Amino acid sequence: MHTFEFIRPADQAAAIAAAAQSKTAQQGADVRFLGGGTTLIDLMKLNVETPARLLDINRLPLDKIEVTSDGGVRIGAMVRNADLANHAKVQKDYSVLSQAILQGASAQIRNMATTAGNLLQRTRCVYFRDTAMPCNKREPGTGCPAITGSNRTLAVLGTSEHCIATNPSDMCVALAALEATIHIQGPKGSRTVPMGDFHLLPGSTPNRETVLEPGDLITHVTLPAPKKGSKQVYLKLRDRASYEFALASAAVVITTAGGNLNWARIALGGVGTKPWRSPEAEAALAGKPANAANFRKAAEAAMRNAKPQSENKFKSELAKRCLVQALETATKA
Amino acid sequence: MPHDPQPGPSKPTRRKFLLNTGSTAAATVIAACVPADAIGTADQSGSVAATAEAPNIAGAVPITLRINGKARQLRVDPRTTLLDCLRETVALTGTKKGCDHGQCGACTVHVNGRRVLSCLNFAVMHDGEEITTIEGLGTPEAMHPMQAAFVNFDGYQCGYCTSGQIMSAVALLKEPCGPSDADVKEFMSGNICRCGAYANIVAAIQQVRNRA
Numbered sequence: 005m006h007t008f009e010f011i012r013p014a015d016q017a018a019a020i021a022a023a024a025q026s027k028t029a030q031q032g033a034d035v036r037f038l039g040g041g042t043t044l045i046d047l048m049k050l051n052v053e054t055p056a057r058l059l060d061i062n063r064l065p066l067d068k069i070e071v072t073s074d075g076g077v078r079i080g081a082m083v084r085n086a087d088l089a090n091h092a093k094v095q096k097d098y099s100v101l102s103q104a105i106l107q108g109a110s111a112q113i114r115n116m117a118t119t120a121g122n123l124l125q126r127t128r129c130v131y132f133r134d135t136a137m138p139c140n141k142r143e144p145g146t147g148c149p150a151i152t153g154s155n156r157t158l159a160v161l162g163t164s165e166h167c168i169a170t171n172p173s174d175m176c177v178a179l180a181a182l183e184a185t186i187h188i189q190g191p192k193g194s195r196t197v198p199m200g201d202f203h204l205l206p207g208s209t210p211n212r213e214t215v216l217e218p219g220d221l222i223t224h225v226t227l228p229a230p231k232k233g234s235k236q237v238y239l240k241l242r243d244r245a246s247y248e249f250a251l252a253s254a255a256v257v258i259t260t261a262g263g264n265l266n267w268a269r270i271a272l273g274g275v276g277t278k279p280w281r282s283p284e285a286e287a288a289l290a291g292k293p294a295n296a297a298n299f300r301k302a303a304e305a306a307m308r309n310a311k312p313q314s315e316n317k318f319k320s321e322l323a324k325r326c327l328v329q330a331l332e333t334a335t336k337a
Numbered sequence: 123m124p125h126d127p128q129p130g131p132s133k134p135t136r137r138k139f140l141l142n143t144g145s146t147a148a149a150t151v152i153a154a155c156v157p158a159d160a161i162g163t164a165d166q167s168g169s170v171a172a173t174a175e176a177p178n179i180a181g182a183v184p185i186t187l188r189i190n191g192k193a194r195q196l197r198v199d200p201r202t203t204l205l206d207c208l209r210e211t212v213a214l215t216g217t218k219k220g221c222d223h224g225q226c227g228a229c230t231v232h233v234n235g236r237r238v239l240s241c242l243n244f245a246v247m248h249d250g251e252e253i254t255t256i257e258g259l260g261t262p263e264a265m266h267p268m269q270a271a272f273v274n275f276d277g278y279q280c281g282y283c284t285s286g287q288i289m290s291a292v293a294l295l296k297e298p299c300g301p302s303d304a305d306v307k308e309f310m311s312g313n314i315c316r317c318g319a320y321a322n323i324v325a326a327i328q329q330v331r332n333r334a
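Protein chains in written order, with the working numbering: chain B, 5 to 337; chain E, 123 to 334.
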């Protein structure tokens, strides 16, 4: 592992000032915030991340979950995934988030991983993780061997000719369906970014994964007040029953009335280059009778633009069935 | 072993044997991070040679870890994982290195009472914090109930994953785990056993839970 300077900033302002010295907040950043370490330290051991400075923000007071005045919640950036998933209000009002987190990683990793860290979780693409291989995300311009190589687990939505890496997060899929807002404090002040705009499509710059700029510190994630009477399901399909990344997953938040699905928020995981909100599926469901045929139509709409690779043609159908099953479970709940 | 400087049983443990005979090899490994409280002290063990290099470790930082109830003042290279620090610096080798990438659970320890993977933490992150390892749970003479249950139910074969399994199992007792075997399997899924002792591990854990 490359050497680095370990710094524990005294407060948020010091952390932001120190991070602002980095040339980028993206791949190749020479200053990194250190949270739970479950992604970053792993990638530092592989020399995929080689920061010269680590800013340990584990002791910044960003570890609270608070109810906001509008009835939503405000989740501190350093709240551990386990604490978020097991929080009473989250379990009651945002159960899709609790379900998603508890289906990800292991109990040990959930005790370590933070809310902001999970938002910044890196892809598991084997080429990205192997510095002996070309990778446009890790080293722009070197090419994407995944497109003609091992791509069974990779994305079918939001890909480009430069990158087909899957976003691996479960938590982010739930946050997309719950229409979360990301709160960022940076050198120039604070701003908020809707969850749907936080992650970037790879396009021709797959090394840029989020809107974050040098010095930007995620401080909180907020969720709007829960939709009254909503039913929520996170369904994850994977190669083994636990401790495995999704091949396809679906987060659904719906309300029903008189057998009709009058409101739906849908996001998919394991199939997209970013947490994949599907307005197409939502539109296909709104106001329609809650039945298998309409669920299937919504799933077809969600996957209409899927672009399968050599080894992952199965993903389109898997994701469709995953969404249909999640909707059936939610409507029966 | 006639020259064993340690008092106690005439048969040295594997660990003591290696420490006393492998000083050159040990020095190479331990040089990366050494206990500050050992610097300048002379004893007969193989780790002495290593401690002489302590002041020369560029960028080493002083930290204090409370390990199994005892405060340890250490100097560590910031790159030292908590796992390597426990095994190489503090010579607590009960915590095992399996994959070293957060995929197997062999390195599970408790930090401030919660189970974590010691391979995905830097020791410096835990300055001032409470670390519990398998050595802090019980002794061969006075085992933790979970250790005794693993023995009773044969919850291992080669034993390499066992300390991690037991650290996870003890932590599970305080977590919101449902009552069924399936619940236990889900909560234990972060600990891989390549011998496949899973059925006995679940039985051991369930016995401790049902007794509690």
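The beta-carbon is built from N, C-alpha and C at its ideal position, and this holds for glycine as well. It should be emphasised that the depicted structure is a prediction, and the values quoted were computed from it without experimental measurement.
For Gly318 of chain E, the closest C-alpha among the options E:Glu263, E:Arg236 and E:Cys283 is that of E:Cys283.
Contacts with chain E (Cβ-Cβ distance below 8 Å) from the stretch 116-149 of chain B involve Met116, listed in chain order. Flagged as an interface residue toward chain E: Thr42 of chain B, by a C-beta distance shorter than 9 Å. Within the same chain, Cβ atoms closer than 7 Å to the Cβ of Asn171 of chain B are found at Thr127, His203, Gly276, Thr277, Lys278 and Pro279, the five residues on either side in sequence being excluded. Counting along the chain, no alpha helix (DSSP H) covers Ser73 of chain B, and no H or E run does either.
Residue range Leu44 to Lys49 is occupied by the alpha helix (DSSP H) that includes Ile45 of chain B, with no beta strand (DSSP E) assigned at that position. Shown here for Gly207 of chain B: same chain residues with a beta carbon closer than 8 Å to its own, the five before and five after excluded, namely Ser164 and His166 in chain order. At a cut-off of 9 Å between beta carbons, Ala111 of chain B contacts chain E. Identification of residues in the stretch 225-240 of chain E having a C-beta nearer than 7 Å to some C-beta of chain B yields Gly227, Thr230, Arg236, Arg237, Val238 and Leu239, given in sequence order.
Interface annotation, Pro298 of chain E: in contact with chain B, CB-CB separation under 9 Å. DSSP places Pro267 of chain E within a helical segment (H, G or I) once states are collapsed to three. Following the DSSP letters along the chain, one finds Pro198 of chain B in no alpha helix (DSSP H) but inside the beta strand (DSSP E) bounded by residues Gly193 to Pro198. Chain B has no Cβ within less than 9 Å of the Cβ of Gly258 of chain E. For Phe202 of chain B, the closest Cβ of chain E is not nearer than 9 Å.
For a cut-off of 8 Å, the C-beta gap from Ala252 of chain B to Leu322 of chain B is around 4 Å, short enough to register as a contact.
Of E:Thr261, E:Phe272, E:His232 and E:Gly250, the smallest CA-CA separation from Leu196 of chain E is found for E:Gly250. Listed as beta-bridge partners of Ala271 of chain B by DSSP are B:Ala255 and B:Arg281. The three-state reading of DSSP puts His223 of chain E in coil, since its state is none of H, G, I, E or B.
Scanning chain E for C-beta atoms nearer than 9 Å to the C-beta of Thr7 of chain B yields Ala180, Gly181, Asp199, Pro200 and Arg201, reported in chain order. In the three-state reduction of the DSSP assignment, Glu252 of chain E falls in the strand class. By the neighbour-count definition (other C-beta atoms within 10 Å, threshold 16), Ser73 of chain B is an exposed residue. Ala306 of chain B is a Cβ neighbour of Ile270 of chain B, given a cutoff of 9 Å.
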